[in-house]
Each structure stands twice: as structure tokens, then as C-alpha cells.
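Protein chains in written order, with my numbering: chain X, 7 to 93; chain B, 7 to 93; chain W, 7 to 93; chain H, 7 to 93. Just so it is clear, CB atoms sit at the ideal spot from N, CA and C, and this is done for glycine as well. These numbers come from a predicted model, not from an experiment. These notes are about the structure you will find just below.
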DNA sequence: GATGCGCTTTAAATGC
DNA sequence: GCATTTAAAGCGCATC
């Protein structure tokens, strides 16, 4: 019997925690969406200034992969350094 | 001649503006990604506490469509009001 | 040598299957487009009868999200049932 | 007074027609969605057979514009024929 | 622990 | 030019 009471209490606590988790995620998603809107706005503004947003997107994509490449190269370098006992 | 100078100046200005636009977008995307990571972390934490993330995701999705529902109803009401010349 | 023959045969078969796939997709897309045209026609007809298509679109959108809502609720219930070992 | 009655009657009829229009559109959209699902299925099947769906999509897109080109050329030809009194 | 697969989200294209 | 529709990317999940 007291098991049931304990279980009911646990469920309440779990429900409360769930509520908290959901609230946190929703808050974060809201902020994330706001940033997405900001980005959209910048593109719209750029377009209004006569820029081709498609090309801007390409530029950004390109810079992203280049950055990834650089990081990869650095990671590889680190690995070599470690292998050579230089790090 | 002075046209060319003016054009060169414009290009410089355009390049500068482009640089600025790209920087702004990259900054915003960085923040956006950080929030995505935060969300992921909350899910991971919830999972670690024994919650079923699938249920949490479903709850959040449901709340989202309910909210959309409410907004759609209001939009529809507005339309009717306008159609009836009451807005 | 016979490997090459086999491979050539495979390529022929693959080409034939590809042709078949493309044909099927094109046929389906054609039908899909026809339906899209039908829908457009209904809207045009409604407009001709004095209806505001904007409102009709909104009504349909609303009914869609309400339906999605219902389905989400059922999905959530299922998840809960499963989580509670009742399904 | 009888104007009001007439108007109320009109509204009822309009509501009935609206219901009918919505039902027709929803039916058509349902069929359209079913075809979309069929197409997705064909792609999935193709993928299961080892084809690269991305390339298949390109093939289909290409064939579509080629077909459009052909139709355009034929239309142009018709025009010329008519202009020459040969059609 | 890695890989692949489907699904959700996000970007691009198109038509009104 | 904006909203809808369609293609692509990213992500979590399941499996091996």
C-alpha cells in the first residue's frame, strides 16, 4: 500500500520535472526561432540593398566548410604532433 | 574617368557592406547553433533522468500545433470580421 | 573477360530498371499536377461565385491543423500507454 | 423584413456551397498527397535497389525542361506555319 | 561505437 | 513580392 503512495509521489515529482524540462526546451526553441528570424531579416535587408542572397548563402556555406577543413587539418596536425611526442 | 573612380568607390563600399552582412549572419548562426546544442543537452539530461525523450518531443510538438491552431482560429476570425466589414 | 560481359549485362539491366523508375515517377507526377490544376480550378470557380478564396484557404488550413492536433493527441496517448506497459 | 429573410436564406445557401467547396478541395488534396506518397515510395524503392535518388531527381528535372523546350519549339513552329498560311 | 536510414527541419524554386 | 510547394541538409534513432 505504502508502495502505491510512494509511487504516486514519484509520479508527481516526475510530472513536475517533465513540466520543467518542457518549459526549458520551449524557451530555448523560442530563442532559436527568434535568431532564425533575425537571420532572415538580414538577408531581406541585404536583398533590399541589391545583393543577391543566393550568392551570400553560397559564400557563407563555403566559409563554413573551409573553416571545417582548417579545423580538421589542425586536428590532424595535433595527432601527428602527439604521435611524434611533440605535444 | 571620374565615373570609374566613383564606381571603384562604390565597389569598395559594396564589398565592405557585404563583409558586414556576412559577419552578422555568421554571428547569428553561431548563436543559433549554440541554442541547438543547449536543447540537445536538455534532452540528454532528461534521458539521463529516465525520461523518454520521444514522449517529450511529442508533448512539445503537440503544444506547438495547439498553439498554431489557436493562431489560425484568430486569423480566421479576423478574416470573417473583415469580410463582414466589422474590422 | 566474362566479368566484363556480366557487367555489361548488369548495366543494361540497371539502365532498363532506371528507365522504368523514371517512367513511373513521371507518370505519378503528371497525375499529381493534374490534381493541382483541379484544385486551382475549384478555387477559381469559388471566386467566380463571389467567395473569398483567402478565407477558404484559411478554413482548409485550420481544418488541417485541427486534424494534425487530433493525430498528435492520439500518438501521445499511445506513447503514454506504451510507457505504462498498457499497450 | 423579407429582405432579412432572403439574406438569411442566401447565407445558408452560401454556407452550404462553401461546405461543398471545402469538401471538394480536401478530397483533391488528399488524392494529391497520396500521389506524393507514391512518388516517395518509388524513390525509396529505387534507393533500395542501389540507385542514387538525387541523380534520378536530376534526370527527371532535366527531362522536364527538355520537354518544355520541345513544346516551346513546336509552338514556335506552329506560329511560323500559321504566319506562312501553312496551318 | 560506428554506420546507415528515415524524419524533421531548413533552403530554394515557383506561381499568384 | 509573398506564399506555397518542393528539394536538400541535419539530426536522432536503431542496428550491427
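Annotation: the continuous alpha helix (DSSP H) that includes residue 29 of chain B extends over 8 to 54.
The beta carbons of residue 78 of chain B and residue 71 of chain W sit closer together than 7 Å. The residue among W/73, W/52, W/86, W/92 with its C-alpha nearest the C-alpha of residue 27 of chain H is W/52. Annotation for residue 81 of chain B: the continuous alpha helix (DSSP H) segment containing it runs 59 to 89. Residue 34 of chain B places its beta carbon less than 7 Å from that of residue 45 of chain X. Listed along the chain, the chain B residues whose CB falls inside 7 Å of the CB of residue 43 of chain W amount to none; the nearest CB is some 26 Å away. The criterion of a C-beta distance shorter than 7 Å is not satisfied by residue 48 of chain W and residue 23 of chain H. Around the beta carbon of residue 19 of chain B, fewer than 16 other beta carbons lie within 10 angstroms, which makes this residue exposed.
Sequence-distant partners of residue 80 of chain B (beyond 5 residues in either direction) whose C-beta falls short of 6 Å from its own C-beta are missing from its chain.
Not a single CB atom of chain W sits nearer than 7 Å to the CB of residue 84 of chain B. Interface annotation, residue 34 of chain H: in contact with chain W, CB-CB separation under 7 Å. Among the residues facing chain B, residue 76 of chain X is not included, as its CB has no counterpart in that chain under 7 Å away. Residue 23 of chain B reaches chain X at 52, 55, 57, counting residues in chain order whose Cβ is nearer than 9 Å. For residue 61 of chain B against residue 86 of chain W, the beta-carbon gap comes to about 7 Å, under 8 Å, which counts as contact. Nearest in C-alpha terms to residue 58 of chain W, of all of B/73, B/54, B/41, B/88, is B/88.
Here residue 38 of chain X is not near residue 39 of chain B, since their CB atoms are 7 Å or more apart.
When C-alpha distances from residue 32 of chain X are compared across B/25, B/36, B/42, B/32, the shortest belongs to B/42. Taking 7 Å as the CB threshold, residue 65 of chain B lines the interface with chain X. At a cut-off of 7 Å between beta-carbon atoms, residue 18 of chain W makes no contact with chain B. Within 8 Å of the CB of residue 38 of chain X, the CB atoms of chain B belong to 38, 41, 42, 45, in sequence order along the chain. Within chain X, the residues placing a beta-carbon under 9 Å from that of residue 27 of chain B are 48, 49, 51, 52, 55, 57, 62, ordered along the chain.
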